[in-house]
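If you read the sequence shown in the working numbering, its first letter stands for residue 47, the second for the next number, and so on.
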Amino acid sequence: MILLQNVGKYYYSETSVTQALRKINLEFDVGEFVAITGESGSGKSTLLNIISGMDTFDDGELLFNGEPTFQFDAADWEDFRREQIGFVFQDYNLIGHYSALDNVTSALLIMGEEKETATKRALAYLEKVGLKGLENQRSSELSSGQKQRLSIARALAKETKIIVADEPTGNLDSETGEQIIALLKELSKNRLILMVTHNYEQAEPYVTRKVRLHDGEVVVDVKVNEEKNFDDPTHADAVNMNGNSGEETDVQEGHSTAIATAPKDSKIWKKHQRTVAWDFARMNIRTQIGRSLLFRTFFLFTAIVSFIFIGQLYKCADDTYTKNYDETIYAQKNDSRFSVRRKDGKELTDQDIDNMKSVRHVVQVDSQDYAGDVNYYVEEGKDYVYHHGTIQGTENQFMMEDDSSWIGDNPMSSLASKDVPDFKKKDKFMRSTTCIDKSDLSEGRLPEKRNEIVLYPAKGVKIGDMKKIYFTADNIWEGEYYLGNMEIVGFLKKETEQIYFYPDFCRMLTASADGDEMTLDYYFDQHANAYHGSDQFILSIADDLAEKAEDEESDTIYGRVSRNHIPNLSSFDAMGNLIQGPV
Numbered sequence: 047m048i049l050l051q052n053v054g055k056y057y058y059s060e061t062s063v064t065q066a067l068r069k070i071n072l073e074f075d076v077g078e079f080v081a082i083t084g085e086s087g088s089g090k091s092t093l094l095n096i097i098s099g100m101d102t103f104d105d106g107e108l109l110f111n112g113e114p115t116f117q118f119d120a121a122d123w124e125d126f127r128r129e130q131i132g133f134v135f136q137d138y139n140l141i142g143h144y145s146a147l148d149n150v151t152s153a154l155l156i157m158g159e160e161k162e163t164a165t166k167r168a169l170a171y172l173e174k175v176g177l178k179g180l181e182n183q184r185s186s187e188l189s190s191g192q193k194q195r196l197s198i199a200r201a202l203a204k205e206t207k208i209i210v211a212d213e214p215t216g217n218l219d220s221e222t223g224e225q226i227i228a229l230l231k232e233l234s235k236n237r238l239i240l241m242v243t244h245n246y247e248q249a250e251p252y253v254t255r256k257v258r259l260h261d262g263e264v265v266v267d268v269k270v271n272e273e274k275n276f277d278d279p280t281h282a283d284a285v286n287m288n289g290n291s292g293e294e295t296d297v298q299e300g301h302s303t304a305i306a307t308a309p310k311d312s313k314i315w316k317k318h319q320r321t322v323a324w325d326f327a328r329m330n331i332r333t334q335i336g337r338s339l340l341f342r343t344f345f346l347f348t349a350i351v352s353f354i355f356i357g358q359l360y361k362c363a364d365d366t367y368t369k370n371y372d373e374t375i376y377a378q379k380n381d382s383r384f385s386v387r388r389k390d391g392k393e394l395t396d397q398d399i400d401n402m403k404s405v406r407h408v409v410q411v412d413s414q415d416y417a418g419d420v421n422y423y424v425e426e427g428k429d430y431v432y433h434h435g436t437i438q439g440t441e442n443q444f445m446m447e448d449d450s451s452w453i454g455d456n457p458m459s460s461l462a463s464k465d466v467p468d469f470k471k472k473d474k475f476m477r478s479t480t481c482i483d484k485s486d487l488s489e490g491r492l493p494e495k496r497n498e499i500v501l502y503p504a505k506g507v508k509i510g511d512m513k514k515i516y517f518t519a520d521n522i523w524e525g526e527y528y529l530g531n532m533e534i535v536g537f538l539k540k541e542t543e544q545i546y547f548y549p550d551f552c553r554m555l556t557a558s559a560d561g562d563e564m565t566l567d568y569y570f571d572q573h574a575n576a577y578h579g580s581d582q583f584i585l586s587i588a589d590d591l592a593e594k595a596e597d598e599e600s601d602t603i604y605g606r607v608s609r610n611h612i613p614n615l616s617s618f619d620a621m622g623n624l625i626q627g628p629v
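What follows is the structure, encoded as structure tokens:
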């Protein structure tokens, strides 16, 4: 059944090589009860591990039922251990929180038995080893002798022809140890029992063969007790532990179910494995109520904490604190927009802009970030419509560098009748040309003056055309609007509704948002010898903002001043004369 031919085994370390077994030639067969003895380090356990497939050999050959094993891979050895070898260990290797019945049943389930059949067979094997009545006792609560009997019952449940026992009586008292050896002797009638023992005197009356090792070699291999009669009444209790006069319990051997014989990669086997997993889960829950309750509590606590944590993540990703913008600060509600400032309060440099552009996921960087809150309206009927009505005040329009005229400068105290724009959609926001470069243009150039723009061309639009564009900024101008005539100087390659404006134009529009003051418009009536106007600032775009203008027809003098561009604030005296001086 088992044949070893010149088997050798080596153990390697960083500095040496140790030969644990050398040229082992042994043959074992069913019906033998073999005691393997020898001093510590002689190779007893190594030999047993090689025979049982727990360890590999380096030299020679091991044959099982005439089949060589040198070509076995890890999966083959796993099948060999599961299907051909039953194990009995010195420390029992039982599942402590399982009952005696569950310990044996679990081995049968793994072998492929159905749950009902496995339970019946497990009960029969427990009776066979003298544990009847202790089926529901936890294995951790059994005595040492009972634990070893349970270990033997579990090995028997596999119904293998080979049982290996490594020091099975090492943790037992002499009387209990002798009972275990007697039980193994009884089982050897139709099995091969290989037992490593350090106490050969205890096993001597029962074994049929003695193999002694020394320094990794077989020095004794003799048959013993071939004619021994075990009807001696002094051994009756040891042999007949279940009270049936030495006769084996009637246990049907051999796995006859379809599951046990099914290929390991078949659907039947895989389905059984899932069922076994659930069976083990139920056994664990049933036998570990305290741990199960603790685990469930921990799992529930973890689930709650995770739910809260994940909820916080989602909240931080899209929460009301960052999504509901303060409209006095940001008019454009855009989650992908960031407003960046230097810690030292200085203006961003070109290097700062380049550094931001190199950051991952950054699409555009606009040096005129406040312009992102200014709405612009281009298409009449779509972006705005006109309503005819009467208004009080002055329509604010731009005074460009090349245009000294001021349009719509009716005194704020008078009433004017005109068309008033009604802005329908506030979905277009300004961007400066710092977001783009020449490579983004298909034709023309980037703006070089404040009244120049680039856009994606609509049908019939040409470079040099003028566009009338309204501007509003609810968070900057408090409801006022401005109108400018902008010249198209370039076309964009990419189709978009976005218009890009000259940076200095954007800066002028948003000057007050950055802490600057805008131009004050007022007039001096020479006849009344008094100033008239408003304390509101309106936009004036011109490099030379300090000027004196006289209206010949109305004897009115207009002054426009700004702190944005000149160091000395211009002002007028009571007679309307322009005065220069520090503020």
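Virtual Cβ for every residue (Gly too), placed ideally from N, Cα, C. Note that the structure is predicted; figures quoted are calculated from it, not measured.
- In the DSSP annotation of this structure, the continuous segment of the alpha helix (DSSP H) that includes T151 starts and ends at A146 to M157.
- With a cutoff of 8 angstroms on beta-carbon distance, L140 and K193 are scored as near each other.
- A straight-line Cα-Cα distance of about 7 angstroms links T92 and A66.
- With a cutoff of 8 angstroms on beta-carbon distance, I208 and L238 are scored as near each other.
- The beta carbon of S413 lies closer than 7 angstroms to those of L394, I399, S478, T480 and P549 in the same chain, with the five residues before and after it left out.
- Beta-bridge annotation (DSSP): S478 is paired with F547.
- Note on geometry: alpha-carbon atoms of S189 and A211 lie some 19 angstroms from one another.
- Note that the C-beta distance between K474 and E526 is not below 8 angstroms.
- Taking 8 angstroms as the cut-off, the Cβ atoms of E533 and Y502 do not count as close.
- The closest CA to that of W123, considering only F110, A81 and V134, is found on F110.
- Counted as a single uninterrupted DSSP element, the beta strand (DSSP E) harbouring Q51 occupies residues I48 to Y58.
- When the alpha-carbon of F551 is set against those of V431, D486 and Y416, the nearest one is in Y416.
- In the displayed model, F353 falls within a helix according to three-state DSSP.
- Under the 10 Å beta carbon count, M512 is surrounded by fewer than 16 other beta carbons and is classified as exposed.
- Here L238 is bridged, per DSSP, to I208.
- In this structure, DSSP gives R255 an extended state, which the three-state scheme calls strand.
- When the five nearest sequence neighbours on each side are left out, the beta carbons in the same chain lying within less than 7 angstroms of the beta carbon of K403 are those of V411, in order along the chain.
- A direct Cα-to-Cα measurement between P251 and N271 gives close to 7 angstroms.
- Distance from the Cα of D119 is smallest, within the candidate group A146, G54 and T102, for T102.
- Within the same chain, and ignoring the five residues on either side of S220 in sequence, the residues whose Cβ sits closer than 8 angstroms to its Cβ are Q248.
- Residue state for K514 is assigned as strand, using DSSP reduced to three classes.
- Y546 counts as buried, since at least 16 other C-beta atoms from the protein chains shown sit within 10 angstroms of its C-beta.
- By alpha-carbon distance to G176, the top candidate from I226, P214, I131 and R128 is I226.
- In terms of Cα proximity to K495, the closest of G106, M554 and Y138 is M554.
- Here F384 carries a coil assignment [DSSP, helix/strand/coil].
- At a Cβ-Cβ threshold of 8 angstroms, V500 and G490 count as neighbours.
- Within the DSSP bridge table, the entry for H433 names V466 as partners.
- Within the same chain, Cβ atoms closer than 6 angstroms to the Cβ of E73 are found at L49, the five residues on either side in sequence being excluded.
- The three-state secondary structure of R491, taken from DSSP, is coil.
- I82 carries a strand assignment under DSSP once its states are collapsed to helix, strand and coil.
- Each residue's CA atom was taken as its position, placing N380 and I350 some 32 angstroms apart.
- C-alpha of Y246 to C-alpha of A81: approximately 7 angstroms in a straight line.
- The beta-carbon distance between V257 and E213, rounded to whole angstroms, is 15 angstroms. This is too long to meet the 8 angstroms contact definition.
- Residue range E263 to K269 is occupied by the beta strand (DSSP E) that includes K269, with no alpha helix (DSSP H) assigned at that position.
- Going by DSSP, Y423 is part of the beta strand (DSSP E) stretching over N421 to Y423.
- Listed in chain order, the non-local C-beta contacts of S88 below 6 angstroms within the same chain comprise L259 and H260, local neighbours out to five positions each way being set aside.
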